[in-house]
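Protein chains in written order, with the working numbering: chain A, 44 to 352; chain B, 44 to 352.
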C-alpha cells in the first residue's frame, strides 16, 4: 500500500461528568486525509482544503503526531499528507484530534500495521497536545477506536471501550465562533471543592453502571457535570437556552463538547435527537451566529478507510 | 412480631477511589441488636453490652435514626433497643452505621415492612450524621442492603448494587486506637486539584467497569485513591508498611477503611487474603498496638435476622 484515503471523525469529548476522560465519534462529520508514501524522508502537509490549519510541520497536529511515530518506527520512506478539513478548528468537537489521530492511523496502515490501534493513541496525543495546554486523549482515542471510549491513561490496559445501549443518539450544535482550547482551559479553576469531586465521581460511576445495564433513567441522572460546565458556558451564546430546550425535549443529558463552543445532547432514540435539532436551530437562528448541527448514532465506528492503492 | 434480634454488620467504606460513595459489609463482624415493641411511646436504649456507646437517646445513633423513622411512620407503640457492641467505635468500619442501620431495619420489620430497605437508608443516615461532620451513606447503605453498594445520593434510584466478581475477598485490620470521624474529616483539604479529580473519576469509572466485566487486572489498576489516603494515613501507625505488604502479597488494592484507623485490602480469592492476614499480623505485633483482623468474602448479605418472636 502506497497511498491511503481516510475519513477521520469529529468527536464529542468531556462527555458531562467524563471531563478529560470520555468521548465518542460523530458519525456524520469528519476530515478526509490522504496520506502517501514519499521518497523524501520526514512528514509534510502538501495540501489543505476547507478550513485553514497550519502547513508548517512543526505546528500542524497531524505532522507532529506523525513525526513522533516515525522516530519510533524508523520507516525507510517519508509521508505526504493532504487534508480536506471539514471540522472547524476551535469548535470543541475534536478538530485537531481528528487530524492527529488520522495521520498516525494512516501511516501505520501504510507500514503494514506494526502497531495496534490502541498503541497509536499516545502518538496522536502528542499532536493533540500542541493545540491545548495539556495532552488529553478523549478526542484521539474515540476517533481511532470508535465507540464510547474512556481513557484512564494512555497505557493500553487503561483505555476502555464502554458498552453502548442500542438506542443512544446524539445531537450536536457547532456555533461558528472560535473558542481556543487553551483559553477554555485557563478559565477553569485549578482547585475544586472536595464535595464537588465526590459528586463528579459518583455521577461518572453511575454513568458507567447505567451503560452496562442499559438503564436510561440512571443515564439521565448521571449525565451531569457540576464542575466544568458552569465556568465554560459563559463562552457560549445561549447555552442555557439550548440546554433547557434539550432537557425539555427529553434529552438524557446535555453539556459542552470539548472546550466548547459546541454543545451536545444525548438522547434515547433518533426521534428525540431530530426534535431537538429542529428546536435548537430556531434558538440559534435568533443569535445571528452561523452554526451547523449534526444528529448521529453513538456508533462503534472510528476512522474509516475510504480508499487505498 | 414483637421482638427481633438482628446481626448488623461492620462495613468497609470509602473504598479506595469511592470516597463517601462506596462500601461493603464485613461478613464476620457486626453488632447484635434486639429491638422490642413497648407500650411506652418513643425509643430507648435499654442495654449496652461490649464496647461503650451513649445510652442517651439524643446521642445514640440507633435512637436518633429510629426517632426520625417513627416521626414519619407514627406507630402506636414505642421501642426498646439492646445493643451487643462488637465493633469498636471510631474504628473506621461502620460502628455507628451498624447501629443506625440496625435500629431502623428492626423497627421496620416489627411494623410489618411498611418501607423498602432502600427507603430506610435516609433514616439510617440521619443517625450516622451525628457521629461525623457530615451525613454520608456509604456505611449504612451496604449494612442495610448487603453487597458492594454505590450511593450517588439517598434517593432510591441513586443507590446502586454493583456486581461482585465471584472471587472477591477482603482482609481488614482494625488497630485498637480511636480515630474520631469528625477529626479525620477535618484534616482533609476543603479543595483539591482539578487534575486529582480527573484521576479519581477515571479510577472510579474503571472500577465500575472492572466489576461489570470481572476484569481483575483493571480492578488492580483502579482500586487506587490519590486524594484522601495521603492525608489520613498519617493517623494510622505502620500504614505504609501494611499497604506495601498487602500489595506485595497480591492484593488488588489496599487503603483506609472509612476514616481509619482500619485498613482493608481486596484480594482475588481467599488464599491471598489469608496470606496477607498472617503477614500483616506480624507487622502489627511490632507496634505494640492491640488489633483485630478479619478475612471475609465480599458478600451480598447485609443485616441478618437471628431471631424473632
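The beta-carbon is built from N, C-alpha and C at its ideal position, and this holds for glycine as well.
Residue-level contact check: residue 245(B) touches chain A, since one or more beta carbons of chain A fall below 7 Å from its beta carbon. Going by C-alpha positions, residue 255(B) is about 15 Å away from residue 264(B). For the pair residue 338(B) and residue 306(B), the CB atoms are not nearer than the 7 Å cut-off. At a cut-off of 7 Å between beta-carbon atoms, residue 179(A) makes no contact with chain B. Here residue 296(A) is buried: its Cβ has 16 or more other Cβ atoms, across all protein chains shown, within 10 Å.
Within the same chain, 54, 55, 56, 58, 181, 182, 184, 185 and 192 come within 7 Å of residue 66(B) by CB-CB distance, once the 5 residues on both sides are set aside. For residue 337(B), the three-state secondary structure derived from DSSP is strand.
In the three-state reduction of the DSSP assignment, residue 59(B) falls in the coil class. When DSSP states are grouped into helix, strand and coil, residue 321(B) belongs to the helix group. Under a 10 Å Cβ-count criterion, residue 312(A) is classified as exposed, with fewer than 16 other Cβ atoms of the shown protein chains found around its own Cβ. DSSP links residue 209(A) through a beta bridge to no other residue. In the three-state reduction of the DSSP assignment, residue 261(B) falls in the helix class, which pools H, G and I.
The criterion of a C-beta distance shorter than 7 Å is satisfied by residue 128(B) and residue 96(B).
For residue 288(B), the uninterrupted alpha helix (DSSP H) segment begins and ends at 282 to 291.
If you draw a straight line from the Cα of residue 334(B) to the Cα of residue 219(B), it comes to about 5 Å. Chain-ordered listing is empty here: chain B has no CB closer than 9 Å to the CB of residue 262(A), the nearest sitting near 11 Å. Judged by their CB atoms, residue 326(A) and residue 289(A) are not nearer to each other than the 7 Å cut-off. With distances taken between CA atoms, residue 123(A) lies nearest to 150(A) out of 102(A), 134(A) and 150(A).
With 16 or more other Cβ atoms from the protein chains shown falling within 10 Å of its own Cβ, residue 165(A) counts as buried. When secondary structure is reduced to three states using DSSP, residue 53(B) falls in the strand class.
In chain order, 280 and 281 place their CB closer than 7 Å to the CB of residue 330(A), counting only its own chain and leaving out the 5 sequence neighbours on each side.
Secondary structure at residue 113(A): helix, using DSSP grouped into helix, strand and coil. The C-alpha of residue 315(B) lies about 7 Å from the C-alpha of residue 293(B). For chain A, the residues of the region 213 to 237 of chain B that bring a beta carbon within less than 9 Å of one of its beta carbons are 231, 232, 233, 234, 235, 236 and 237, in chain order. Here residue 82(B) carries a coil assignment [DSSP, helix/strand/coil]. If you draw a straight line from the Cα of residue 163(A) to the Cα of residue 172(A), it is about 14 Å long. Legend: CB atoms of the region 44 to 71 of chain A lying less than 9 Å from CB atoms of chain B belong to residues 60, 61, 62, 63, 64 and 65. Here residue 154(A) carries a coil assignment [DSSP, helix/strand/coil]. Taking the Cα of residue 115(B) as reference, the smallest distance to any Cα among 158(B), 352(B), 213(B) and 194(B) is reached at 158(B). Per DSSP, the unbroken beta strand (DSSP E) holding residue 193(A) starts and ends at 191 to 194. In the three-state DSSP reduction, residue 330(A) falls in the coil class, being neither helix nor strand.
Taking a contact as a CB-CB distance under 8 Å, the pair residue 154(B) and residue 118(B) counts as one, their CB atoms being some 6 Å apart. A distance below 7 Å separates the beta carbons of residue 52(B) and residue 69(B). For residue 203(A), the chain B residues whose Cβ falls inside 7 Å of its Cβ are 249 and 252, in order along the chain.
Leaving aside the five residues that flank residue 91(A) on each side, the residues in its chain whose CB is nearer than 7 Å to its CB run, in chain order, 98, 126 and 128. Per DSSP, the continuous alpha helix (DSSP H) segment holding residue 169(B) begins and ends at 160 to 172.
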